[in-house]
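Q:
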Amino acid sequence: MSFSILACPFIALQMFFFNDVFFWAEILVFEGITTIFSFIFSSYLLYQLVKLWIHKTYTISDFLSIVAVICYLALLINFSIINRGFNQRLLLFVLLSTVYLTVTFANFFLSSLVYGLYIRFQNVQNRWFVCLGAGLLDGRFVGKLLANRIKTAVSQAEKSKDLTPVIIFSGGQGANELVSEASAMQKYAVEDLKFPLSCTLMEDRSRSTKENLLFSAKLVEGDSFIFCTSDYHVFRAALLAKKLGFNANGIGCKTSFCYRTIAFLREYVGVLALNKKRHLIILGLFLLISIILGI
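Sequential numbering from 1 applies to the sequence shown in full-length UniProt numbering.
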């Protein structure tokens, strides 16, 4: 039997209050819709994974993101565990948790769009620009994704010439990298984009977005700054900057659609992790509600 997220309230009512009142509504309305949706969405995700695999731009986290979504859809839409004899307490907990995750993802997605549009239409000028690093190709070369971040930082800095802008290239050296991301980015900006070396700084110790922001903030000595990153990453980085107490906004550069789709899922998990205690408390309340209603 297949079930949609829209069916969750009806299922709960059926199990605990109205027995079979909504049973045929589930079958007639939600069965067809969710089957079609699950097939299209799962096929699309697999298609994007194959494209990433062919172009060798995938990572383990990208692969795991797609696996997680497919498992989520399998749980949400093909609920083979649902039957009259299944533990109703556990079932209600799964349904409530599924609704919660869906709502929080929708909120994350819409908030990301609104933030991106808001910043895009602002006249963003500043003295300090921070370009967030990403992995290097063959351990030393700037790839397309990172190049777009650098181009965005240079473009924004050139719009603030009256403020004598400085770009901070932020990124440490990974285990499989021959040089730091900061030095590779600086070299690309100076040699390929002809940006003045005297208007650049390097922060080459960071290993994460949090460290990018923390170490770069020390270089600006309390001033506001603009960070440049990929469009899918900018909202989470902005939330993190706010949580750390920095006066910073982010500008996102365009990313290929196939990569952005997968990366968005990874960013959602990252946003959940920013407030993991709150989410765990809510899931705990769902468990308590499920136990009480299942008595």
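Beta carbons: idealized from backbone N, C-alpha and C, even for Gly.
1) With distance defined between alpha-carbon atoms, name the residue in Lys210, Gly284, Ser183, Val179 nearest to glycine 139.
2) Using DSSP's beta-bridge definition, name the partner residues of glutamate 221.
3) Are phenylalanine 141 and tyrosine 268 closer than 9 angstroms when you measure CB to CB?
4) When the Cβ atoms of the region 245 to 258 are set against those of the region 111 to 128, are three or more pairs found closer than 8 angstroms?
5) Rounded to the nearest angstrom, what separates leucine 197 and leucine 145 at their Cα positions?
6) How many Å lie between lysine 218 and alanine 182 at the Cα?
7) Could you check what DSSP says for alanine 248 in three-state terms: helix, strand or coil?
8) Compute the distance between the beta-carbons of residue 370 and methionine 202, then report whether it is under 9 angstroms.
9) Under a Cβ-count criterion, where at least 16 other Cβ atoms within 10 Å of its own Cβ denotes burial, should alanine 157 be classed as buried or exposed?
10) For valine 114, does the count of other Cβ atoms within 10 angstroms reach 16, so buried, or fall short, so exposed?
11) Assign isoleucine 291 to buried or exposed, taking buried as 16 or more other Cβ atoms, counted over all protein chains shown, within 10 Å of its Cβ.
12) Could you give the first and the last residue of the continuous alpha helix (DSSP H) run that contains serine 208?
13) I believe threonine 209 touches tyrosine 232 by the beta-carbon criterion, under 8 angstroms. Please report the beta-carbon distance rounded to the nearest angstrom.
14) DSSP on serine 230, reduced to helix/strand/coil?
15) To which residues of the same chain is tyrosine 188 closer than 7 angstroms at the C-beta, ignoring the five residues directly before and after it?
16) What are the boundary residues of the beta strand (DSSP E) that phenylalanine 121 is part of?
17) Report yes if the C-beta distance between leucine 92 and leucine 293 is below 9 angstroms; otherwise report no.
18) Spatial neighbours of valine 271 within its chain, please: C-beta separation below 7 angstroms, excluding the five flanking residues on both sides.
19) Suppose contacts are defined by Cβ-Cβ distances below 9 angstroms. Is alanine 263 in contact with serine 230 by that definition?
20) Mapping DSSP to helix, strand and coil, what is phenylalanine 215?
21) Where leucine 283 and arginine 266 are concerned, what is the direct C-alpha to C-alpha distance, given to the nearest angstrom?
22) So, helix, strand or coil for valine 142, using DSSP?
23) Counting along the chain, where does the beta strand (DSSP E) carrying phenylalanine 129 start and finish?
24) Would you list the residues sitting across from serine 170 in a DSSP beta bridge?
25) What span of residues does the alpha helix (DSSP H) with leucine 285 cover, start to end?
26) Is serine 224 buried or exposed, if buried means 16 or more other CB atoms sit within 10 Å of its CB?
27) Let me know if phenylalanine 23 comes out buried or exposed under the rule of 16 or more other beta-carbons within 10 Å of its beta-carbon.
A: Short version:
1) The candidate whose alpha carbon is nearest that of glycine 139 is Val179.
2) Under DSSP, glutamate 221 takes part in no beta bridge, so it has no partner.
3) Result no, Cβ atoms of phenylalanine 141 and tyrosine 268 do not sit closer than 9 angstroms.
4) Touching, yes.
5) About 22 angstroms.
6) In a straight line, the C-alpha of lysine 218 is about 16 angstroms away from that of alanine 182.
7) The three-state secondary structure of alanine 248, taken from DSSP, is strand.
8) An answer regarding residue 370 cannot be provided, because it is not within the stretch 1 to 295 covered by the chain.
9) A buried status is given to alanine 157, since no fewer than 16 other beta-carbon atoms sit within 10 Å of its beta-carbon.
10) Label assigned to valine 114: exposed.
11) Classification of isoleucine 291: exposed, given that the 10 Å Cβ count is below 16.
12) Segment: none, serine 208 is in no alpha helix (DSSP H) and carries neither H nor E.
13) Actually they do not touch by this definition, with Cβ atoms about 12 angstroms apart.
14) Residue state, collapsed to three classes: strand.
15) So the list reads Val142, Ala147, Ile150, once near-sequence residues are dropped.
16) Premise fails: phenylalanine 121 is in no beta strand (DSSP E) and is neither H nor E.
17) It is a contact, given that the beta carbons lie within the stated cut-off.
18) The answer, listed in chain order, is Phe108, Arg236, Leu239.
19) Going by C-beta atoms, alanine 263 is nearer than 9 angstroms to serine 230.
20) In this structure, DSSP gives phenylalanine 215 a helical state, which the three-state scheme calls helix.
21) In this model, leucine 283 and arginine 266 are separated by some 20 angstroms (Cα to Cα).
22) In this structure, valine 142 counts as coil in the three-state DSSP scheme.
23) 128 to 132 is the extent of the beta strand (DSSP E) around phenylalanine 129.
24) Beta-bridge annotation (DSSP): serine 170 is paired with Leu132, Glu203.
25) That run of the alpha helix (DSSP H) goes 276 to 293.
26) The Cβ neighbour count for serine 224, taken over all protein chains shown within 10 Å, is under 16; the residue is labelled exposed.
27) In this prediction, phenylalanine 23 has a pLDDT of 48, which is less than 50 and means its spatial position is unreliable; nothing more can be read from the coordinates.
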